[in-house]
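Take a look at the structure below.
Chains as they are written, first to last, in my numbering: chain A, 1 to 89; chain B, 1001 to 1171.
What follows is the structure, encoded as structure tokens:
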């Protein structure tokens, strides 16, 4: 029983031993080098992350500046009202 | 040693090893590219505790196993989304068996054997591939797998027994 199972497995291993080494396609080197070069340029993930940060910074800046403008108009209104004092004189 | 020289010395070995795991030329080429991108990225951190060849072997094995895991996860999520099943024992089988190293008259028998090998655990699969297909010695295989020779022997014995059970099931 054990002998026959060993024989079967030996056959299986014979099949596996007959598998030949294969030469990959010729353009594999070019594909690999392209991948390596793409890798060494800044990855897309980081480029988009930096772009998002920049956009967020610019919109925050616009928001703050526009708020500041509103404050100035408020003050000018106040100043305008106090100017009545000189008029009465 | 330059990257080009490393590539020229090892690309065939990496491609053929990947081919034994995925039995498909396109997937093996993708794995080979991934391995060499990793080699390029990590060449400076290679600590020479093992030989360069062993290091590349390990990288190729890990990349092949990761590729298979990713494919399994992809298939599993696709199947479970359609049929709402959760089959954790789902094992990789190549969508198209295309192993150019197998001769035509051997193809049917080898396809059956590989279907069984694909069901084995990662370590058992690796031991079988290195010892019986790549024709590595026990000492070389043990070094690549970071095991003691005795541990490798028992791992191979378990792989052999499980392979036999799986092949008998298939009939």
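Glycine included, every Cβ here is placed at the ideal spot set by N, Cα and C.
In this text, all values refer to a predicted model and were calculated from it rather than measured experimentally.
Where the alpha helix (DSSP H) through residue i begins and ends
i: residue 1001(B); result: Where residue 1001(B) is concerned, there is no enclosing alpha helix (DSSP H), given that its DSSP letter is neither H nor E.
i: residue 1034(B); result: 1025–1042
i: residue 1161(B); result: 1149–1170
i: residue 1136(B); result: Unbroken run through residue 1136(B): none, as it is neither H nor E.
i: residue 1123(B); result: 1122–1128
i: residue 1111(B); result: 1107–1117
Residue-level contact to chain B via CB, residue i, 8 Å cutoff
i: residue 7(A); result: no
i: residue 30(A); result: no
i: residue 12(A); result: yes
i: residue 65(A); result: no
i: residue 23(A); result: yes
i: residue 68(A); result: no
i: residue 16(A); result: yes
i: residue 50(A); result: no
i: residue 58(A); result: no
i: residue 62(A); result: no
Integer Cβ distance of residue i from residue j, believed to fall under 8 Å
i: residue 16(A); j: residue 1113(B); result: 7 Å
i: residue 22(A); j: residue 1094(B); result: Not a contact, Cβ separation roughly 15 Å.
i: residue 1107(B); j: residue 1117(B); result: Incorrect: roughly 15 Å between the Cβ atoms, too far for contact.
i: residue 50(A); j: residue 1167(B); result: Incorrect: roughly 55 Å between the Cβ atoms, too far for contact.
i: residue 1035(B); j: residue 1014(B); result: 5 Å
i: residue 39(A); j: residue 1041(B); result: 7 Å
i: residue 1139(B); j: residue 1148(B); result: Wrong, their Cβ atoms sit about 10 Å apart, outside the cutoff.
i: residue 1164(B); j: residue 5(A); result: 6 Å
i: residue 1011(B); j: residue 1144(B); result: Not really, about 18 Å apart at Cβ, beyond 8 Å.
i: residue 1156(B); j: residue 1109(B); result: That pair is no contact at about 21 Å.
i: residue 19(A); j: residue 1102(B); result: 6 Å
Any C-beta of chain A under 8 Å from that of residue i
i: residue 1102(B); result: yes
i: residue 1029(B); result: yes
i: residue 1032(B); result: yes
i: residue 1019(B); result: yes
i: residue 1012(B); result: yes
i: residue 1164(B); result: yes
i: residue 1015(B); result: yes
i: residue 1022(B); result: no
i: residue 1135(B); result: yes
i: residue 1109(B); result: yes
i: residue 1113(B); result: yes
i: residue 1106(B); result: yes
i: residue 1040(B); result: yes
i: residue 1036(B); result: yes
i: residue 1052(B); result: no
i: residue 1120(B); result: no
Residue burial classification, residue i (beta-carbon count within 10 angstroms, cutoff 16)
i: residue 107(A); result: This structure gives no information on residue 107(A), because the portion of chain A shown stretches from 1 to 89.
i: residue 1160(B); result: buried
i: residue 1073(B); result: exposed
i: residue 1002(B); result: exposed
i: residue 1059(B); result: buried
i: residue 1024(B); result: buried
i: residue 47(A); result: exposed
i: residue 45(A); result: exposed
i: residue 52(A); result: exposed
i: residue 28(A); result: buried
i: residue 1063(B); result: buried
i: residue 1104(B); result: exposed
i: residue 1120(B); result: buried
key: Stretch pair the stretch 57–67 of chain A + the stretch 1008–1023 of chain B: three plus CB contacts closer than 8 Å   = Touching, no.
request  = Inspect the CB distances between the stretch 1029–1042 of chain B and the stretch 1064–1076 of chain B and report whether three or more fall short of 8 Å.
outcome  = Touching, yes.
query = Any contact of the stretch 1148–1163 of chain B with the stretch 1122–1132 of chain B, i.e. 3+ C-beta pairs under 8 Å?
reply = Under the three-pair Cβ rule at 8 Å, the stretch 1148–1163 of chain B counts as touching the stretch 1122–1132 of chain B.
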